[in-house]
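These protein sequence lines map, in sequence, to chains E and V.
For the first sequence, the working numbering assigns the number 1 to the initial residue and increments by one for each residue that follows.
For the second sequence, the working numbering assigns the number 1001 to the initial residue and increments by one for each residue that follows.
Here's the structure we're looking at; comments come further down.
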Amino acid sequence: MLENTILELIASEEKEGIRQSDIWKQIGIDSRTCSRVVTRLENKGLVIREWETIGNTRTYRIWYVGKDGNGEVKVEQIEPPEKVELEEKSVSKLTDDYSFLLIEDTLAPCVNCNEMCEPETCIKLAEWINLLL
Amino acid sequence: MDREVLENPVVYKYFKSLIGDDGLKVLEVIPDSEITDERITELVGLDLNTVRRTLYILYESRLMKYRREKSENSGWLTYYWQIKVDELDRVINDEIEKLKKILEQKLEFEDSNVFYSCKYHSVRFVFDDAAQFGFKCPYCEESLDYEDNSLVIDAIKRKLSELGSF
Chain E
1 MLENTILELI ASEEKEGIRQ SDIWKQIGID SRTCSRVVTR LENKGLVIRE WETIGNTRTY
61 RIWYVGKDGN GEVKVEQIEP PEKVELEEKS VSKLTDDYSF LLIEDTLAPC VNCNEMCEPE
121 TCIKLAEWIN LLL
Chain V
1001 MDREVLENPV VYKYFKSLIG DDGLKVLEVI PDSEITDERI TELVGLDLNT VRRTLYILYE
1061 SRLMKYRREK SENSGWLTYY WQIKVDELDR VINDEIEKLK KILEQKLEFE DSNVFYSCKY
1121 HSVRFVFDDA AQFGFKCPYC EESLDYEDNS LVIDAIKRKL SELGSF
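Structure below.
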């Protein structure tokens, strides 16, 4: 997993720490993705980070702190992971015209779909979402 | 069925995806009151099987109900069909809830993975799979390119925000 790859890289620089910008450059991913993964690691208490300024650029320096001397994860540093809580609202009140089911004039392919639902890999769903791009 | 109801673009498209163009013709001649399948056939000019198929699909979607009467003389059963227009709002809102959950699932997948794709083949790999193939397309051996999916993530969030999420 990408998370493990990044964690291993951070752990390999245990004393000095590593710049976040060096991580995404080395692995070949974009900075946004790298930031998301590092945030998850931070929330799990496996890494800590501090701001660092190099010239005009600001980045994070990250240290691995995941395990103590007994090889256990430091419980006190673990924070609940970020979770996007979707507000529960009455759908019918918000969508009197049912337009949520449309992008432009195209109905969501999920409506009346009888195929096995695999949103992650469904090509029809991906094409429908692409209408928003 | 009331033409005004079918004028709503989502309702129209919902029925079109459910029962097709012939089904829509059937729907247009169905009154609010009871009607037999033979009478619908006369009104719409389609064969009885198409009419019955449409009625059963609508019945399965809980948008149609029937009552049957047995003729005392011949013993034949006659089916009287009636549309349940009041159910339409619930049925479509069920679809909205279903789509909301599907988009949330898709968003979680896009947000927690990194993707690589081949410029010659329309295939997409998550990081683990791409790494397993040595970041080369298993079909043509060309290098896989990192795929920035941030626009897709933003698009899904934007769509979900129509329901007051995000």
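Beta carbons are placed, not taken as given, at the ideal position from N, Cα and C, and that holds for glycine.
* Asked: Which residues, in order along the stretch 1016-1046 of chain V, keep a beta-carbon less than 7 Å from a beta-carbon of chain E?
  -> Ser-1017 and Leu-1018
* To do: Return the CA-CA distance between Arg-1067 (chain V) and Asn-1149 (chain V), expressed in angstroms with no decimal places.
  => 53 Å
* Asked: Is the shortest distance between the beta-carbon of Arg-1158 (chain V) and the beta-carbons of chain E less than 8 Å?
  -> yes
* Give the DSSP bridge partners of Gln-1082 (chain V), in chain order. => V:Lys-1065
* Asked: Mind listing which residues of the stretch 1142-1153 of chain V have their C-beta closer than 8 Å to chain E's C-betas, in chain order?
  -> Tyr-1146, Asp-1148, Ser-1150, Leu-1151 and Val-1152
* Asked: With a cut-off of 8 Å, does the C-beta of Arg-32 (chain E) fall near any C-beta of chain V?
  -> yes
* Where DSSP assigns a beta bridge to Ile-18 (chain E), which residues make up the other side? -> E:Ile-62
* Sufficient close CB pairs (3 or more, under 8 Å) joining the stretch 117-126 of chain E to the stretch 1019-1027 of chain V -> no
* In chain E, which residues lie with their C-beta within 8 Å of the C-beta of Lys-1084 (chain V)? -> Result: empty, since nearest Cβ-Cβ is about 17 Å, beyond 8 Å.
* Rounded C-alpha distance that separates Met-1001 (chain V) from Leu-1077 (chain V) -> 25 Å
* Write down the C-beta distance between Phe-1125 (chain V) and Phe-1133 (chain V) rounded to the nearest angstrom, noting that I regard them as a contact closer than 8 Å. => 7 Å
* Asked: CA-CA distance, Ser-1017 (chain V) and Val-1051 (chain V)?
  -> 16 Å
* According to DSSP, what are the bridge partners of Trp-51 (chain E)? -> E:Tyr-60
* Where do the N-terminal and C-terminal ends of the alpha helix (DSSP H) with Val-1152 (chain V) fall, by residue? -> 1150-1161
* Asked: Contact between the stretch 1107-1125 of chain V and the stretch 1031-1049 of chain V: three or more CB pairs below 8 Å?
  -> no
* Determine the contact status of Ile-23 (chain E) and Cys-34 (chain E), defining contact as a CB-CB distance below 8 Å. => yes
* Look at the Cβ atom of Leu-125 (chain E), then the Cβ atom of Pro-109 (chain E), and state whether they are nearer than 8 Å. => yes
* Would you report the Cα separation of Trp-128 (chain E) and Glu-1097 (chain V), rounded to the nearest angstrom? -> 17 Å
* **Per-residue contacts from Gln-1132 (chain V) into chain E (C-beta, under 8 Å)** => Going along chain E, no residue has its Cβ under 8 Å from Gln-1132 (chain V), so there is no contact; the nearest lies around 12 Å.
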